[in-house]
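Undergrad: After the structure tokens below, expect a handful of questions from me.
2 protein chains.
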Amino acid sequence: MAVRAIDTPLLLCTMVVVLTGLVSPSTAGLSLDTVRDFLTREEDTIVFSLIERAKYPLNRPAYDPLHSAAGRRLNASFVELFIRESEAVQSKAGRYQSLQEIPFFAYRVPSALAPPYNFTSDLYPAAASVNVNDAIWSMYFDELLPRLAKNGDDGNYAVAADADLACLQVLSRRINYGRYVAEVKFRGDQQTYTSLIQAKDRDALVKLLTSEAQEDVVKRRVEKKAAVFGQSVTLDGPVQTDANSQANSSLFKVDPSVVYELYGQRVIPLTKQVEVEYLLHRLD
Amino acid sequence: MAVRAIDTPLLLCTMVVVLTGLVSPSTAGLSLDTVRDFLTREEDTIVFSLIERAKYPLNRPAYDPLHSAAGRRLNASFVELFIRESEAVQSKAGRYQSLQEIPFFAYRVPSALAPPYNFTSDLYPAAASVNVNDAIWSMYFDELLPRLAKNGDDGNYAVAADADLACLQVLSRRINYGRYVAEVKFRGDQQTYTSLIQAKDRDALVKLLTSEAQEDVVKRRVEKKAAVFGQSVTLDGPVQTDANSQANSSLFKVDPSVVYELYGQRVIPLTKQVEVEYLLHRLD
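Chains as they are written, first to last, in full-length UniProt numbering: chain G, 1 to 284; chain S, 1 to 284.
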């Protein structure tokens, strides 16, 4: 499938996460089961968010700095400006006090709005800020969005940008959750991981973290979810359960094969990248 | 089903919509088919948004003005402050230049961020600002949210509030779309509607706008969508297609009967209220 290019924002995403008040990793709460349940539930959120972005056309002016006065002045697309302002509000509202959430841009905004909450962390502090948000940003705008949204312009730039932000946020949370996956695996076999980390043996770490059979299950399950959640449900008609049962995949709001490939080529490899980077800082 | 009470924000929602640059209703684009397609597609968005809010516990401190310093100072809950600030960003981003979108609070923010777009309107200018956002706000926080979210507090206030805003926005867009429904029906039988409008005969208008058979189809379809979209899809397991086929409705992320009742008791009646109010201003 052809991938159309979109002008992406030139500004580099700043990846600094402020880790104030980080406590030592707690030993309760995190297990292989809770990690697996979290990742499985995020699949639904990812599929929903992709379907919702596909509701709107591409709306190309929203992605081109030249199309608004503010964009030309700031050399940033409308979508980038929208995401910066929205993340600033969410930062003020305390969203990033939870380490599960990582912004695409760094903010120096105190969490003034939010009621206080005592977050504990399951992550090792020196490795907790590992993330691949810059790769997720490029992947989303350069590769994924052109496969989701049809050509066209309905002027609903703010609504479409809000849908972009929802996609980016859940992809970021899901992929950067690799930190939690790595932490659980590390705790489960501390001896093996410690020697590979000390040897900085990336290849062996990747191999140890990989289960092709499990990855295949995940890819086929998200493809099925795209079919189940992205069909037009009618009161009396049958419910499609098989992404491949229809010759015409255009009956789905998002082509299930796009979600299969998103996971196979991006979500799973990027998650493993996060896992490896996290582990390489796990003994710092 | 018991409905738990939540403290709702005391501030009244301001319902003023700035209708600058409104053009006369266009005659193209709006038809019974496009209106029906729009409403059917919004059902999916509503069900997705409810499922996503149900992912987080109730997070009660977010709804109580006493739980944050900012809340006590401004006599508003965290969620209300979050929605005000988020809507202000979206207003700046031009969201409300489209008449399909109506904010819960009024803003005097110019749409400085957005690329220009020439919106045309299908609505009659003097009736276009009709909406029931205040009723939607109360209904959501007082009745619906307590049936969606389990008791508990995970501190993810900003994420939960963002999910609240998504629910409110799509419910507002769907219900206030009654303006478009009314416009299409008015154009289809101008003579009958004109005499009822001139007589200010609300009851006859409601009767003319009501199709119990069609409402029954909608209610049962959204219930089915809640089952199809809210189940745990597994790779090899069967896909549930019947909201009532399982003795235990807790297997769904949102109880399908809640969505059935939401439509029957709130969405459909409030839409009709919008339709009637719109029509009563249709000859102004």
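Glycine is no exception: its CB is placed at the ideal position from the N, C-alpha and C atoms.
Assign Ser24(S) to one of three DSSP states: helix, strand, or coil.
TA: Confidence at Ser24(S) is low in this model, with a pLDDT of 39, below 50, so its placement is unreliable and the value that follows should be read with caution. Coil.
Undergrad: Using C-beta distances below 8 Å, list every residue in its chain close to Lys272(G), excluding the 5 sequence neighbours before and after it, in chain order.
TA: Closer than 8 Å at Cβ, skipping near neighbours: Gly178, Val206, Leu209 and Thr210.
Undergrad: Do we get a CB-CB distance below 7 Å when we pair Thr241(S) with the residues of chain G?
TA: With 7 Å as the cut-off, Thr241(S) counts as an interface residue toward chain G.
Undergrad: So Tyr140(S) and Phe78(S) are in contact, right, with Cβ under 8 Å, and what is the actual spacing, rounded?
TA: With a Cβ gap of about 16 Å, Tyr140(S) and Phe78(S) do not count as contacting.
Undergrad: From Asn244(G), Phe229(G) and Leu235(G), pick the residue whose C-alpha is nearest to that of Val239(S); which is it?
TA: Nearest C-alpha to Val239(S): Phe229(G).
Undergrad: Please confirm if the stretch 162–177 of chain S is in contact with the stretch 119–129 of chain S, defined as three or more CB-CB distances below 8 Å between the two stretches.
TA: The stretch 162–177 of chain S, when compared against the stretch 119–129 of chain S, does not touch it at the 8 Å Cβ threshold.
Undergrad: How about Gly94(S): is its C-beta nearer than 7 Å to some C-beta of chain G?
TA: Yes, because at least one Cβ of chain G sits closer than 7 Å to the Cβ of Gly94(S).
Undergrad: Taking CB distances under 7 Å as the criterion, tell me whether Ile268(G) reaches chain S.
TA: It does not: the Cβ of Ile268(G) has no partner Cβ on chain S nearer than 7 Å.
Undergrad: Does DSSP put Glu277(S) in a helix, in a strand, or in coil?
TA: Residue state, collapsed to three classes: helix.
Undergrad: So the candidates are Pro116(G), Gln198(G) and His67(G); which of them puts its Cα closest to the Cα of Val276(G)?
TA: Nearest option by C-alpha distance: Gln198(G).
Undergrad: In the structure shown, what three-state DSSP assignment does Pro61(G) receive?
TA: Helix at Pro61(G).
Undergrad: Would Val89(S) and Glu85(G) qualify as a contact pair, given that the criterion is a beta-carbon distance under 7 Å?
TA: It is a contact, given that the beta carbons lie within the stated cut-off.
Undergrad: Could you check whether Ile51(S) and residue 310(S) sit closer than 7 Å to each other, using their CB atoms as the reference points?
TA: Residue 310(S) is absent from the model: chain S starts at 1 and stops at 284.
Undergrad: Using 8 Å as the Cβ pair cut-off and three pairs as the minimum, do the stretch 99–119 of chain S and the stretch 63–70 of chain G touch?
TA: Contact between the stretch 99–119 of chain S and the stretch 63–70 of chain G is present, because at least three Cβ pairs lie under 8 Å.
Undergrad: Have a look at Pro65(G) and Leu280(S) and give me their C-alpha separation to the nearest angstrom.
TA: Cα to Cα, the separation comes out at about 44 Å.
Undergrad: Please work out which residues of its chain come closer than 6 Å, Cβ to Cβ, to Tyr278(G), disregarding the five sequence neighbours upstream and downstream, and give them in chain order.
TA: Ala127, Val130, Arg179 and Ala182.
Undergrad: Under 9 Å between beta-carbons, which chain G residues line up against Ala112(S)? List them in chain order, please.
TA: Within chain G, the residues near Ala112(S) are Ser68, Ala69 and Ala70.
Undergrad: Measure the beta-carbon distance from Ala93(G) to Ala161(S) and round it to whole angstroms, keeping in mind my assumption that it falls under 8 Å.
TA: Indeed, because the Cβ distance is near 7 Å, the residues count as touching under 8 Å.
Undergrad: Report the three-state DSSP secondary structure of Gln100(S) (helix, strand or coil).
TA: Note: Gln100(S) maps to coil in three-state DSSP.
Undergrad: Could you check whether the Cβ of Gly178(S) sits closer than 7 Å to any Cβ belonging to chain G?
TA: Answer no: the Cβ-Cβ gap between Gly178(S) and chain G never drops below 7 Å.
Undergrad: Run through chain G and tell me which residues come within less than 7 Å of Pro61(S), C-beta to C-beta.
TA: Correct list: Pro115.
Undergrad: Please decide whether Cys167(S) counts as near chain G, where near means a Cβ-Cβ distance under 7 Å.
TA: No - not a single Cβ of chain G is within 7 Å of the one on Cys167(S).
Undergrad: Taking only beta carbons into account, state which residues of the stretch 151–164 of chain S come closer than 9 Å to chain G, listed in chain order.
TA: Result list: Asp153, Asp154, Gly155, Asn156, Tyr157, Ala158, Val159, Ala161 and Asp162.
Undergrad: When DSSP labels each residue in this structure, what does Pro256(G) get in the three-state scheme?
TA: Three-state result, Pro256(G): helix.
Undergrad: Whose C-beta lies closer than 8 Å to the C-beta of Pro61(G) among residues of the same chain, with five residues either side of it excluded?
TA: His67, Ser68, Phe78, Asp153 and Tyr157.
Undergrad: Expressed to the nearest angstrom, what Euclidean distance is found between the alpha-carbon atoms of Ile46(S) and Gln97(S)?
TA: Using only the alpha carbons, I get a separation of about 22 Å.
Undergrad: Please report the Cβ distance between Leu58(S) and Ala149(S), rounded to the nearest whole angstrom; I am assuming they are in contact, meaning their Cβ atoms lie under 8 Å.
TA: Confirmed, Cβ separation roughly 4 Å.
Undergrad: What is the DSSP secondary structure of Val17(G), counted as helix, strand or coil?
TA: Below a pLDDT of 50, predicted positions are generally treated as unreliable, and Val17(G), at 30, falls in that range; no measurement from the model is reported.
Undergrad: Do you know whose CA, among Glu223(G), Thr241(G) and Asp242(G), lies nearest Gly264(G)'s CA?
TA: Per the Cα distances, Glu223(G).
Undergrad: Where does Ala243(S) land, buried or exposed, given buried means 16+ other C-beta within 10 angstroms?
TA: It is buried - the Cβ of Ala243(S) has at least 16 other Cβ atoms within 10 Å.
Undergrad: Cβ closer than 9 Å: which chain G residues qualify as neighbours of Arg221(S)?
TA: Within 9 Å Cβ-Cβ: Val233, Thr234 and Leu235.
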